[in-house]
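Undergrad: Would you mind keeping the following structure in view while I ask a few things?
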Ligand SMILES: Cc1cc2nc3c(=O)[nH]c(=O)nc-3n(C[C@H](O)[C@H](O)[C@H](O)COP(=O)(O)OP(=O)(O)OC[C@H]3O[C@@H](n4cnc5c(N)ncnc54)[C@H](O)[C@@H]3O)c2cc1C
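Residue numbers (this note's numbering): 149 to 533.
Laid out in structure tokens, this is it:
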């Protein structure tokens, strides 16, 4: 059997690894980037920590999996009748196809946002943001407000980390009189609207205690070269980071005559996570409950690999059951919050629990021996700006 897996992220890699372990035949992993991006630590890499905790080459992950061939290419369309995946550079015949293409950033049409805001979704985003901070340090311009837009988990993590990073830069480079301030802006009435009220309240207080200014119930209206407009008022700044707004990978919208999409653009998949005969869609791209986080992508990938293996043995497929997963949010370098089924840990224990969740995540992709140095890279500072 030839299984083609598309996407070198959480879902795609896990699916290819599980298929390889089950000896289902030939596996081809196609991804448009040569590396895996560990999104959960990008906030930290963007604020001065090592790239090693966020970027792992695909060659390293698949070094001991000779049945997996890794190809760098970009999927463009699909001929489901001929079981042919059409990519930019080549075409690939498959018996089973697994698509785990992830999501992309959307700016909800806010004027100036896509052109001027920084982001931390891709490696390029992170590099651009770091270069910007580097320039600010050189020009000793750290005396101003830095806006983080969107108080979901990523916005909260970044705001706290950026606050600590700016303080450390001001101290290290002895920038006299600099009083930078991070402002976290959220349109909803509370931060972390998808988490419990306890999470919002505790994390809000902690952010304020650390010196982050939190503004809720305020909509950002536009972003200009010299300022951000919030509810009609202009605030001078040259740094706004957009962490809000996710949309499905545009591959599915471009192929909407083949796939059945929800009104928000996510792919309908059946109980076996199949969107079409022999085509599975997993991870952020499907409309399955709890999708949109890394662990559900792992679970869906493992399930699909098991079912493909069962089919190869002449057995029938089993249904996928979705479960909620813990959510962990670091707020600075020593404080964290982890919540699952109404039970939470906050403070130092919350931070440690979140750190162990990261180690668990790495160990799903590489052996524990390789995962530990990647995990510990969190304590390595990148080259000074
Ligand atoms: C900044 C940030 C922080 C996050 N923090 C957390 C967290 O703390 N905890 C958590 O559980 N989740 C977190 N998430 C969400 C989590 O990263 C996603 O849910 C997870 O990545 C989904 O896995 P996936 O396989 O669907 O997509 P991804 O991991 O994004 O993988 C998609 C892959 O497909 C490739 N690709 C895309 N289009 C094509 C194409 N046309 N052809 C070929 N290859 C293509 C991409 O390059 C990428 O390698 C975070 C997300 C972001 C952006």
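All residues carry an ideal CB built from backbone N, CA and C; glycine is no exception.
Hey, is residue 181 close to ligand 2, as in C-beta under 8 Å from one of its heavy atoms?
TA: Ligand 2 is not part of the structure shown, which contains ligand 1 as its ligands.
Undergrad: Could you have a look at residue 398 and say whether DSSP puts it in helix, strand or coil?
TA: Indexing the chain shown from 1 puts residue 398 at position 250. Reduced to three states, the DSSP call for residue 398 is helix.
Undergrad: When the Cα atoms are used, what is the spatial distance from residue 478 to residue 502?
TA: In the chain shown, counting from the first residue as 1, residue 478 sits at position 330. In the chain shown, counting from the first residue as 1, residue 502 sits at position 354. Rounded to whole angstroms, residue 478 to residue 502 spans 7 Å at the Cα level.
Undergrad: Please determine whether the Cβ atom of residue 266 lies at a distance below 8 Å from any heavy atom of ligand 1.
TA: For this step, residue 266 is matched to residue 118 along the chain shown. Residue 266 Cβ: outside cutoff for every heavy atom of ligand 1.
Undergrad: Under 8 Å from any heavy atom of ligand 1, does the C-beta of residue 191 make it?
TA: Position 43 of the chain shown, counting from 1, holds the residue named residue 191. The answer is yes for residue 191.
Undergrad: What do you reckon, is the C-beta of residue 158 under 8 Å from a heavy atom of ligand 1?
TA: On the chain shown, position 10 is the one that residue 158 refers to. Indeed, a heavy atom of ligand 1 lies less than 8 Å from the Cβ.
Undergrad: Using DSSP's beta-bridge definition, name the partner residues of residue 221.
TA: Here residue 221 corresponds to residue number 73 of the chain shown, with the count starting at 1. In DSSP, residue 221 forms no bridge with anything.
Undergrad: Can you tell me whether DSSP reads residue 383 as helix, strand or coil?
TA: Within the chain shown, numbered from 1, the residue matching residue 383 stands at position 235. Residue 383 falls in the strand class under three-state DSSP.
Undergrad: What's the gap between the Cα of residue 203 and the Cα of residue 190?
TA: On the chain shown, residue 203 is found 55 positions in, with the first residue counted as 1. On the chain shown, residue 190 is found 42 positions in, with the first residue counted as 1. When rounded, the distance between both Cα atoms is 9 Å.
Undergrad: Please confirm whether residue 205 has its beta-carbon closer than 9 Å to some beta-carbon of chain C.
TA: The structure shown contains no chain C, having only a single protein chain.
Undergrad: State the start and end residues of the unbroken alpha helix (DSSP H) segment that holds residue 275.
TA: Mapped onto the chain shown, residue 275 falls at position 127. Run containing residue 275: 271 to 286, per the alpha helix (DSSP H) assignment.
Undergrad: At a cut of 8 Å, does the region 378 to 387 reach the region 249 to 258 through at least three beta carbon pairs?
TA: No contact exists between the region 378 to 387 and the region 249 to 258.
Undergrad: For the alpha helix (DSSP H) holding residue 451, just list the boundary residues, first then last.
TA: What you label residue 451 is simply residue 303 of the chain shown in a count that begins at 1. First-last of the alpha helix (DSSP H) with residue 451: 442 to 460.
Undergrad: Once the 5 residues before and after residue 532 are set aside, which same chain residues still bring their CB inside 8 Å of it?
TA: In the chain shown, counting from the first residue as 1, residue 532 sits at position 384. Because residue 532 carries a pLDDT of 48, less than 50, the predicted location of this residue cannot be relied on, and the following value inherits that uncertainty. Contacts found: 320.
Undergrad: Skipping 5 residues on each side, what residues in its chain have a beta carbon closer than 8 Å to that of residue 217?
TA: Within the chain shown, residue 217 is the residue found at index 69, counting from 1. Hits under 8 Å: 174, 175, 176 and 177.
Undergrad: Give the DSSP-derived three-state secondary structure of residue 193 in the structure shown.
TA: Working through the chain shown from its first residue, we reach residue 193 at position 45. Residue 193 falls in the helix class under three-state DSSP.
Undergrad: Leaving aside the five residues before and after residue 327 along the sequence, list all residues of the same chain whose C-beta is less than 8 Å from its C-beta, in chain order.
TA: By one-based count along the chain shown, residue 327 stands at place 179. These residues qualify, in order along the chain: 291.
Undergrad: I'd like to know whether the C-beta atoms of residue 223 and residue 206 end up nearer to each other than 9 Å.
TA: Numbered from 1 along the chain shown, position 75 holds the residue referred to as residue 223. Numbered from 1 along the chain shown, position 58 holds the residue referred to as residue 206. No, Cβ-Cβ distance for residue 223 and residue 206 is not below 9 Å.
Undergrad: Quickly, what does DSSP pair residue 178 with across the bridge? List them, please.
TA: Along the chain shown, read from residue 1 onward, the residue named residue 178 stands at position 30. Paired residues: 154 and 219.
Undergrad: What's the call for residue 527, buried or exposed, on a 16-neighbour Cβ count within 10 Å?
TA: Numbered from 1 along the chain shown, position 379 holds the residue referred to as residue 527. It counts as exposed.
Undergrad: Just to confirm, is the Cβ distance from residue 330 to residue 310 under 9 Å?
TA: For the purposes of this step, residue 330 is identified with residue 182 of the chain shown, where counting begins at 1. For the purposes of this step, residue 310 is identified with residue 162 of the chain shown, where counting begins at 1. Yes, the Cβ-Cβ distance between residue 330 and residue 310 is below 9 Å.
Undergrad: Of the choices 334, 168 and 463, whose alpha-carbon is the least far from that of residue 214?
TA: Mapped onto the chain shown, residue 214 falls at position 66. Of 334, 168 and 463, the residue nearest in Cα terms is 168.
Undergrad: In the DSSP output, which residue or residues are listed as bridge partners for residue 370?
TA: Indexing the chain shown from 1 puts residue 370 at position 222. In DSSP, residue 370 forms a bridge with 377.
Undergrad: Would the beta-carbon of residue 530 fall within 9 Å of that of residue 188?
TA: Here residue 530 refers to the residue found at position 382 of the chain shown. Here residue 188 refers to the residue found at position 40 of the chain shown. The answer is no: Cβ separation not under 9 Å.
Undergrad: Could you give the first and the last residue of the continuous beta strand (DSSP E) run that contains residue 352?
TA: Reading the chain shown from its first residue, position 204 is the one you call residue 352. Where residue 352 is concerned, there is no enclosing beta strand (DSSP E), although the alpha helix (DSSP H) it sits in stretches over 345 to 358.
Undergrad: Shorter than 8 Å, the distance from the beta carbon of residue 251 to the closest heavy atom of ligand 1, or not?
TA: Within the chain shown, the letter at position 103 stands for residue 251. For ligand 1, at least one heavy atom lies less than 8 Å from the Cβ of residue 251.
Undergrad: Is residue 304 helix, strand or coil when you go by DSSP?
TA: Here residue 304 refers to the residue found at position 156 of the chain shown. In this structure, residue 304 counts as helix in the three-state DSSP scheme.
Undergrad: What is the DSSP secondary structure of residue 478, reduced to helix, strand or coil?
TA: Position 330 of the chain shown holds residue 478. Strand, per DSSP.
Undergrad: Could you tell me the distance, in whole angstroms, from the CA atom of residue 472 to the CA atom of residue 286?
TA: Numbered from 1 along the chain shown, position 324 holds the residue referred to as residue 472. Numbered from 1 along the chain shown, position 138 holds the residue referred to as residue 286. In a straight line, the C-alpha of residue 472 is about 45 Å away from that of residue 286.
Undergrad: Hey, how far is the Cα of residue 428 from the Cα of residue 150?
TA: As a first step, residue 428 must be located in the chain shown, where it is residue number 280. As a first step, residue 150 must be located in the chain shown, where it is residue number 2. The straight-line gap from Cα to Cα measures roughly 14 Å.
Undergrad: Is residue 133 near residue 476, with beta carbons less than 9 Å apart?
TA: With the chain represented from 149 up to 533, any question about residue 133 goes unanswered, as that position is not in the structure.
Undergrad: Looking only at its chain, what residues have a beta carbon closer than 8 Å to the beta carbon of residue 183, apart from the 5 residues adjacent to it on each side?
TA: Looking up residue 183 in the chain shown gives position 35. 156, 203, 204, 205, 206 and 271, listed in sequence order.
Undergrad: Could you compute how far the alpha carbon of residue 325 sits from the alpha carbon of residue 288?
TA: Sequence index remark: in the chain shown, residue 325 carries index 177 (1-based). Sequence index remark: in the chain shown, residue 288 carries index 140 (1-based). Computed Cα separation, rounded: 10 Å.
Undergrad: Please work out which residues of its chain come closer than 6 Å, Cβ to Cβ, to residue 301, disregarding the five sequence neighbours upstream and downstream, and give them in chain order.
TA: Looking up residue 301 in the chain shown gives position 153. Same-chain partners within the cutoff: 477.
Undergrad: So, helix, strand or coil for residue 263, using DSSP?
TA: Your numbering for residue 263 matches position 115 in the chain shown. Reduced to three states, the DSSP call for residue 263 is helix.
Undergrad: Roughly how many whole angstroms lie between the Cα atoms of residue 415 and residue 317?
TA: Stepping through the chain shown from its first residue, residue 415 is reached at position 267. Stepping through the chain shown from its first residue, residue 317 is reached at position 169. Rounded to whole angstroms, residue 415 to residue 317 spans 44 Å at the Cα level.
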